[in-house]
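Undergrad:
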Amino acid sequence: MDDEEIEDGDFYSDEESFEFEFEDDENEDANEDNDVIEEDEDIALQNKYYSAKNLKDENPLGAIKELKSLIDGVEQNTENIDWVFKSYKQLIKINYNLGNYEESLQYLQNVIPVLGLVKRDYAEDSLNKMINNYSASKNTKFVLSVYEVILNYLQNSEVSSISTDRLWLKININRLNSLLDSGLFDQCPDLLKSINEKLNKVNENTKNSYSLEVIAAEIEYESHKEIGNFNTLSRLYRRSLDITTAVTHPRILATIKECGAKVQFFRGNYEKARLEFYDSFKNYDVAGLPKKNRILKYVALCSLLTESEFNPFESQETRTYAKLAEYSNLLLLIKAYDELNIEKFDQTTDKINTENDPLSDDEVFKHALFQISVNLKQKLILKYVQAYKTIRFEYLTRKLRINIEELEDLLLKLMNDGKFGDMRVDFEDNFIEWVGVRKKLFTPFIQTKDIYANLKALYLLKFDFTLKDFKQSSNESDGMEIDKVSESNEGDFASEFLNLSDYPQLNVTEVIEIWYTYMYSSIPNIVKSETSLLSKLRSENKSISVAKVEENNNNDNDMAALNTRAGILNSTVGSDAHEHEKADDDDDDDILTKADILAGLCNELKKHHEKITAH
2 MDDEEIEDGD FYSDEESFEF EFEDDENEDA NEDNDVIEED EDIALQNKYY SAKNLKDENP
62 LGAIKELKSL IDGVEQNTEN IDWVFKSYKQ LIKINYNLGN YEESLQYLQN VIPVLGLVKR
122 DYAEDSLNKM INNYSASKNT KFVLSVYEVI LNYLQNSEVS SISTDRLWLK ININRLNSLL
182 DSGLFDQCPD LLKSINEKLN KVNENTKNSY SLEVIAAEIE YESHKEIGNF NTLSRLYRRS
242 LDITTAVTHP RILATIKECG AKVQFFRGNY EKARLEFYDS FKNYDVAGLP KKNRILKYVA
302 LCSLLTESEF NPFESQETRT YAKLAEYSNL LLLIKAYDEL NIEKFDQTTD KINTENDPLS
362 DDEVFKHALF QISVNLKQKL ILKYVQAYKT IRFEYLTRKL RINIEELEDL LLKLMNDGKF
422 GDMRVDFEDN FIEWVGVRKK LFTPFIQTKD IYANLKALYL LKFDFTLKDF KQSSNESDGM
482 EIDKVSESNE GDFASEFLNL SDYPQLNVTE VIEIWYTYMY SSIPNIVKSE TSLLSKLRSE
542 NKSISVAKVE ENNNNDNDMA ALNTRAGILN STVGSDAHEH EKADDDDDDD ILTKADILAG
602 LCNELKKHHE KITAH
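In our numbering, the protein residues as written are 2 to 616.
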């Protein structure tokens, strides 16, 4: 009995246990069925999403219809919300590409509630992509509206502080750049203030990530002001040098380098400015921005100002730019400067202004053009002054195409720069004269008595050359200064020297020296230097090569010296040195002098003149 009861009890116990285990199996089967259903639903949504996405290029309206259908068929609180979020992003993109900006903004508004249901990293990454994609739109109103929608979401959501700060900074920096590009400068100060305040509150990593971009935007704002604050630009540039980031967009680097170059440029540090402008150009080139063309022009202008041998149009990066039409006027200007052609330089400047060349309204170009023009005129002044012993202001003003006041300013600058050490500038009588020691080209050969002998020969040949003619030709010279001779002294020029008793106020030596100085001043400086050097080598006999030349041409040199000492018109002429030796052995009557030749030529000229007048 007990055993049955036990068995029954056992039976009942086993039956109950079996029934319990059976119920658990039913629950597991039910869960598996639910998982299968959810998995099937997820696959169905995935297929529907990608099917609609594939239609967006060929049939965008059909894609919109399919995506809206997908969104309407999914509850907002299900685990398949990711497909809803993705569908909204596609609807925003398709309508944006179709130009339906209002619909695109509406879908952006609809996606905001969904952001809190997806993973935070995914949501932040998606927002970053939206900001990057839609910031490039030329529809400024649409871009600013996108920023406004996202900013409202960030202020009212529970996104982590780091994500909020980074997105907030990114959006507002983009807003600032949009305002700058649109020329809405009056809205920039308040936004700049908010951004800088935010930067002071974020962590160091976030601050370093966005500081350079903020500085670049602030530089753009300061540069667009009518009156640039160079102290502020200099401060911003120094701040940028203290910030180090792993990766910086080339546009940001280009803007900062341009800022540093302008600061150096307007402070007169043209070489530093040239290097900074060139770095800026290379970064603008990498970024693919058209601003690089203007920066390259600045590089060329700085190269002129620094007299640099570096030609900005010969490097590999810039070689093709010289062929562009917008550089033609600049290249003409550079060519005129290199040739020291003031007339062509002014013509090119006028051409830039009349053709409305973009350079004509550029502040950097205006400043550079003024300084380049000053440098050109100073170089020309030095060129003319070195060619003459004495030169008048009137001559320089005519050659440089400037007035007397401008010339005086240029002369003062040259004097202050120490470039007029051997010159004396007379601002009262308006002339410049050389007061340094000059080597005389004819000193070893020509003396006052030689010149006097030639004057005597001129008189004997009866050349009708009067003192009055001499004074007139002197006054009509190219600005060269000569001491004045009394107008009361008229008559035969040679006779006045030969009959000094009639004119006791004249000193033949002084007058001859004046004439000699006048003649010497007309000789180009380079010829003077070369001749003086050759004379020194001959006199000191320090060069073996010169000694050999003198040995080979000894007879010619002796005869040349003899002729010169005898006076230009009393010197002899012959076919070679042997003829001179033969002439020395013969009687003096057989020697043919230059005076004889001139006398013969004079007679022939008189006969020819009489023949012409007779007709």
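Note that the Cβ used here is the ideal one computed from N, Cα and C, for glycine as well.
Exposed or buried, Lys57, counting other C-beta atoms within 10 Å across all chains shown (16 or more means buried)?
TA: Buried.
Undergrad: Can you check which of these residues, Glu221, Ser224, Tyr222 and Ile196, is closest to Ser212 by C-alpha distance?
TA: Of the listed residues, the one whose Cα sits closest to Ser212 is Ile196.
Undergrad: Run the CB neighbour count on Met416, radius 10 Å, all protein chains shown included, and call it buried at 16 or more, exposed below.
TA: Answer is exposed; the Cβ neighbour count stays below 16.
Undergrad: Please go through the stretch 112-191 and give each complete alpha helix (DSSP H) segment of 4 or more residues, from N-terminal end onward.
TA: You should have 121-135, 141-157 and 162-183.
Undergrad: Whose C-alpha, out of Tyr338, Lys283 and Asn330, is nearest the C-alpha of Ser304?
TA: Nearest of Tyr338, Lys283 and Asn330 to Ser304, Cα basis: Tyr338.
Undergrad: Short check: CB of Leu177 to CB of Leu192, under 8 Å?
TA: Going by C-beta atoms, Leu177 is nearer than 8 Å to Leu192.
Undergrad: Just mark Val300 as buried or exposed, buried being the case when its beta carbon has 16 or more other beta carbons within 10 Å.
TA: Label assigned to Val300: buried.
Undergrad: What is the rounded straight-line gap between the Cα of Asn28 and the Cα of Asp83?
TA: Low local confidence applies: a pLDDT of 46 at Asn28 is under 50, so the model's placement there is unreliable, and no value is given.
Undergrad: Hey, out of Leu181, Ile113 and Leu92, whose CA is closest to Glu104's CA?
TA: Answer by Cα proximity: Leu92.
Undergrad: Find out if the Cβ-Cβ distance for the pair Leu332, Ala326 is shorter than 8 Å.
TA: Not in contact: Leu332 and Ala326 (Cβ atoms no closer than 8 Å).
Undergrad: By the DSSP assignment, the alpha helix (DSSP H) with Arg393 in it spans what residues?
TA: Arg393 -> not in any alpha helix (DSSP H); beta strand (DSSP E) instead, spanning Thr391 to Arg393.
Undergrad: Which residue spans inside the stretch 361-420 form an unbroken beta strand (DSSP E) run of at least 3?
TA: The qualifying runs are 391-393.
Undergrad: Measure the beta-carbon distance from Asp358 to Asn330 and round it to whole angstroms, keeping in mind my assumption that it falls under 8 Å.
TA: Between Asn330 and Asp358 the Cβ distance is about 5 Å, and since that is below 8 Å, they are a contact.
Undergrad: Only counting the same chain, and skipping five residues up and downstream in sequence, which positions put a Cβ closer than 6 Å to that of Glu611?
TA: For Glu611, where only same-chain residues beyond five positions count, there are no Cβ hits under 6 Å.
Undergrad: Drop a sphere of 10 angstroms on the beta-carbon of Ile44, count the other beta-carbons inside from all chains shown, and report buried for 16 or more, exposed for fewer.
TA: By the neighbour-count rule (16 or more Cβ atoms within 10 Å), Ile44 is not buried but exposed.
Undergrad: Where Asn1 and Glu272 are concerned, what is the direct C-alpha to C-alpha distance, given to the nearest angstrom?
TA: In the structure as shown, the chain starts at 2 and stops at 616, and residue 1 therefore has no counterpart that could be examined.
Undergrad: Using alpha carbons as the reference points, say which of Ser179, Val119 and Leu234 lies closest to Lys142.
TA: Considering only alpha carbons, the answer is Ser179.
Undergrad: Out of curiosity, what's the CA-to-CA distance linking Glu406 and Thr256?
TA: Rounded to whole angstroms, Glu406 to Thr256 spans 40 Å at the Cα level.
Undergrad: Straight-line CA distance for Glu605 to Leu383?
TA: Rounded to the nearest angstrom, the two C-alpha atoms are 45 Å apart.
Undergrad: For the alpha helix (DSSP H) containing Ile65, list its first residue and its last residue.
TA: From DSSP, the alpha helix (DSSP H) with Ile65 extends over Pro61 to Asp73.
Undergrad: At which residues does the alpha helix (DSSP H) containing Asp286 begin and terminate?
TA: Counting along the chain, the alpha helix (DSSP H) containing Asp286 begins and ends at Tyr271 to Ala288.
Undergrad: Just how far apart, CA to CA, sit Pro61 and Ile95?
TA: Those two C-alpha atoms are separated by around 7 Å.
Undergrad: Let me make sure I understand the geometry here. Which of His250, Ile343 and Glu42 has the alpha-carbon closest to that of Leu397?
TA: Nearest C-alpha to Leu397: Ile343.
Undergrad: Taking Phe311 as the reference, which of Leu276, Leu381 and Leu290 has the closest Cα?
TA: It is Leu276 whose Cα lies nearest to the Cα of Phe311.
Undergrad: Would you kindly work out how many angstroms separate the C-alpha atoms of Leu297 and Arg320, rounded to a whole number?
TA: Their Cα atoms are separated by approximately 11 Å.
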